[in-house]
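Trainee:
There are 2 protein chains.
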Amino acid sequence: MYDRFFEKLAEKVTLTEAEKDLVRSFLQPKKLRRKQYLLQEGDVSKNVAFVENGMLRSYAVDEKGVDRIIQFAPEGWFVSDLYSHITGEPSGLNIDALEDSEIVLMSRDARDELLQRVPAFLKFSFEQMQSAYVALQCRLYDLNNLSTEEKYTKLLRTYPDIVQRVPQHMIASYLGLTPETLSRVRKGMAGRKESE
Amino acid sequence: MYDRFFEKLAEKVTLTEAEKDLVRSFLQPKKLRRKQYLLQEGDVSKNVAFVENGMLRSYAVDEKGVDRIIQFAPEGWFVSDLYSHITGEPSGLNIDALEDSEIVLMSRDARDELLQRVPAFLKFSFEQMQSAYVALQCRLYDLNNLSTEEKYTKLLRTYPDIVQRVPQHMIASYLGLTPETLSRVRKGMAGRKESE
DNA sequence: CGTTTGCTTGAATTCTGTCAAAGCAGGTGG
DNA sequence: CCACCTGCTTTGACAGAATTCAAGCAAACG
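Protein chains in written order, with numbering that gives the first Met the number 0: chain A, 0 to 195; chain B, 0 to 195.
(1) Consult DSSP for B:F4 and reduce its assignment to one of helix, strand or coil.
(2) With a cut-off of 7 Å, does the C-beta of B:V184 fall near any C-beta of chain A?
(3) If you pair each beta-carbon of the region 8-26 of chain A with each one of the region 54-61 of chain A, do three or more pairs fall below 8 Å?
(4) If you measure between the beta carbons of A:E88 and A:V50, is that distance less than 7 Å?
(5) Let me know the beta strand (DSSP E) ranges lying completely inside the region 91-173 of chain B, each 3 residues or longer, listed in chain order.
(6) Using only CA atoms, which one of A:Y82, A:L176, A:G91 lies nearest to B:S130?
(7) Candidates B:I94, B:V184, B:F120: which alpha carbon is nearest B:A109's?
(8) Taking 7 Å as the CB-CB cut-off, is B:V12 touching chain A?
(9) In chain order, what residues of the same chain lie with their CB nearer than 8 Å to the CB of B:M54, ignoring the 5 residues before and after it?
(10) Any idea if A:L202 is buried or exposed, counting beta-carbon neighbours within 10 angstroms, 16 or more meaning buried?
(11) Below 8 Å on the Cβ atoms is my guess for B:L113 versus B:F25; work out the distance and round it to an integer in Å.
(12) B:P118 touches chain A at which residues, Cβ-Cβ below 9 Å?
(13) Label B:M188 either buried or exposed according to how many other C-beta atoms from any shown protein chain fall within 10 Å of its C-beta, with 16 as the threshold for buried.
(14) May I have the straight-line CA-CA distance separating A:R183 from A:Y151, to the nearest angstrom?
(15) Return the chain-ordered ranges of every alpha helix (DSSP H) run that is complete within the region 16-46 of chain B and spans a minimum of 4 residues.
(16) Run through chain B and tell me which residues come within less than 9 Å of A:I69, C-beta to C-beta.
(17) Please classify B:R122 as buried or exposed, where buried requires at least 16 other C-beta atoms within 10 Å of its C-beta.
(18) DSSP puts A:D66 in a beta bridge; with which residues?
(19) Taking DSSP as the reference, what is the three-state secondary structure of B:E51?
(20) Per DSSP, what kind of secondary structure is A:A9 in: helix, strand or coil?
(21) Would you kindly report the start and end of the unbroken alpha helix (DSSP H) that includes B:L81?
(22) Name the residue from B:L181, B:K30, B:N46 whose alpha carbon lies nearest to the alpha carbon of B:S106.
(23) Rounding to the nearest angstrom, what Cα-Cα distance links B:E195 and B:E149 in this structure?
(24) From the DSSP output, read off the bridge partner residues of A:A189.
(25) B:D2 CB to nearest chain A CB: under 7 Å?
(26) Any Cβ of chain A within less than 7 Å of the Cβ of B:L8?
(27) Please report whether the beta-carbon of A:S124 lies at a distance below 7 Å from any beta-carbon of chain B.
(28) To which residues of the same chain is B:S217 closer than 6 Å at the C-beta, ignoring the five residues directly before and after it?
(29) Taking Cβ positions only, does B:L37 come closer than 7 Å to chain A?
(30) Compare the beta carbon distance of B:L135 and A:L92 with 7 Å and say whether it is the shorter of the two.
(31) Closer than 7 Å by beta-carbon distance: list the chain B residues that pair up with A:Q167, in chain order.
(32) Does the beta carbon of B:Y82 come closer than 7 Å to any beta carbon on chain A?
(33) Please report how far the alpha carbon of B:E10 lies from the alpha carbon of B:E126, in whole angstroms.
(34) Does any residue of chain A bring its CB to less than 7 Å from the CB of B:A72?
Encoded structure:
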């Protein structure tokens, strides 16, 4: 239990056994069935979740009722509506499970206390956030500047197993495309490959 | 000197005078003329910059030679190529001044040492990074899901003085549009306003 | 088996990029 | 002080790309 979570910590900081125990005491395991919500629009995000295995997604619903996926969170990733979590305001996002999943929850109080009491945890959180920021900035650049096809192939290179695990229309949503457009782009790519 | 920098810190943490002095000893002021580079593509990002006043921008140049602006950094903002700064690899970005500017530099060693020696500085850096992450995620969502016109009006609401301070073609670049498209969108907005 | 869910396809429409040209400052040097 | 550049914005015409709406099809599911 919590194996992957502590592996993740170990990538960036080393904790004593005592610190590990302390951290562990603030965590709460949870299982989620496919399609089960972790957070629903309008609620306040009480927890940050770490995915031990399975996969979640966070998304917003636009004025036309269409899902707009913001993030996929497979095993080893954190997911939450940070804005709501920090400010305590109602969330505009939904988070739910795309597969049956096992996750680790950390409440806001738990997080605050750990950040204060365990310096290594603060250091980890900072570096984790820094990495996430760099990755997000890269993604933003790509979104702005790559062609549709390039966005898709780059996604495939970054997350090779995503095609097997999430339906295509969700990938389209994540990339900011309609399902039809993505379908046609894939067709174009396949056609070009065969003719060579 | 460093006034705005310490104001920024004070928004999130409180430092003793001794800590302030320590932080100060690791900072380096610098003036930049308009069009002067802080970082050029291919160089390694040695510093993180905080803008005391003036405005910088970070951008990449795509394969066709077109500037793609990633971030505007007016007074009170941090700017750097974090990826290059952390990894030590050559940067793919350029950072230069859009106006004559006064900035505060913090080298990588300085930053590492402050993060280690001044807990409040680590806490600040974490929270700063967290805020930046939330803001970036919001921007990414907008880029993906808003219409061209909505992106532009949202930008105007978020940074009311940006239109006065940066040329329109740079705003277009920041929004991922061609200058022509932005010009036409603005025309459309103006036309609609008058007829009502 | 019928229903749902997801993917594909087509045709029409709207939007955006591209290329080329012209207008409109502000700034500089003569 | 004026003529000239230069950088920036606007316009137009056209081509290409993406969305929309509608329909069909296959696999998965209860």
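C-beta atoms are modelled at their ideal positions from N, C-alpha and C, and glycine is treated no differently.
Mentor: Working from what's here:
(1) helix
(2) no
(3) no
(4) no
(5) 93-96, 100-106
(6) A:Y82
(7) B:F120
(8) no
(9) F71, A72, P73, E74, A96, L97, E98, S100, R164, V165
(10) In this structure chain A extends from 0 to 195, so residue 202 of chain A is not present and cannot be described.
(11) 6 Å
(12) P118, L121
(13) exposed
(14) 12 Å
(15) 16-24
(16) Q136, L139, Y140, N143
(17) The sequence shown places Lys at residue 122 of chain B, rather than the Arg named in the question. Answer is buried; the Cβ neighbour count reaches 16.
(18) A:V60
(19) strand
(20) helix
(21) 81-86
(22) B:N46
(23) Low confidence applies here, because B:E195 scores a pLDDT of 48, under 50, leaving its location unreliable and the question unanswered by this model.
(24) According to DSSP, A:A189 bridges with nothing at all.
(25) no
(26) no
(27) yes
(28) Here chain B covers residues 0 to 195 and nothing more, so residue 217 of chain B does not appear.
(29) no
(30) no
(31) Ordered by position in chain B, no residue passes the 7 Å Cβ test against A:Q167, which lies about 17 Å from the chain.
(32) yes
(33) 10 Å
(34) no
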